[in-house]
Amino acid sequence: MSALFDDLGRLDLDAHVRRWSAPEAGRAEGAVSQWMAAAQQFAARVQEDPGGVPDARWPAIAQAWSALLAAAERATGAQHNEWLLRDLWLGAWLLQRLGPRADVPFLDAATVLDRALDAMPLNPREAAVLAPRWRELDRTQILALRMIRRLLAPVRPLAPLLAEHPRHDEYEAWERLAGDLP
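In my numbering, the protein residues as written are 1085 to 1266.
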């Protein structure tokens, strides 16, 4: 299983897709650093020339990326939303360069927004009460407020694509709190 982490920097995008789509990848063990390296290398290959990727390849790329992140989370835990944040940031980056594609959930701004909002550690009302006085809070509450800021960040550049989204008002409510968050 540890061979999955060998030569990550030498793999091209197709090789990453094959490696992380393989059934054994979902059962792999490994240290957090190994999984972070795998995710970083995969993302780097996707970012090399996203415009040159044929439309027909995006579903396989998205599936392999999701499989990699799911295996990483299964093997190491959520790591303070590390895997989710990597997914949100890559999706946001790709959307800014390629624009949305209705047939590829990986390239759907609504998916980024929904996943970010679903992961919020507090509801907007709780956050609105806590945020202005964050310096008085305990560490756990401060970290929850910081996570809100981190989850909003990849969505922010996609806001123009989300004006008609059913959860746009919810996103706007969070954005109004952003200035008070630690």
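Idealized CB from N, CA, C, for every residue including glycine.
Note that the structure is predicted; figures quoted are calculated from it, not measured.
Original post:
Among Ala1194, Ala1159 and Arg1094, which residue has its Cα nearest to the Cα of Ala1109?
Top reply: Comparing Cα positions, the closest option is Ala1159.
Original post:
Hey, is the region 1227-1243 in contact with the region 1256-1263, meaning 3+ C-beta pairs nearer than 8 Å?
Top reply: The region 1227-1243, when compared against the region 1256-1263, does touch it at the 8 Å Cβ threshold.
Subject >> Option in Trp1173, Ser1117 and Arg1102 with minimal Cα separation from Leu1236 >> reply: Trp1173
**OP:** Take Val1101 as the anchor and find which of Ser1117, Pro1143, Glu1132 and Gly1135 has the nearest alpha-carbon.
**Re:** Per the Cα distances, Pro1143.
**OP:** Output yes or no for whether 8 Å exceeds the beta carbon distance between Pro1266 and Ile1226.
**Re:** yes
**OP:** With DSSP collapsed to three states, give me the class of Met1204.
**Re:** coil
Original post:
Should Gly1175 be labelled buried (16 or more other beta-carbon atoms within 10 Å of its own) or exposed?
Top reply: buried
Subject >> Beta-carbon separation (whole angstroms), Pro1134 vs Leu1197, contact threshold 8 Å >> reply: The pair is not a contact, with the Cβ atoms about 20 Å apart (cut-off 8 Å).
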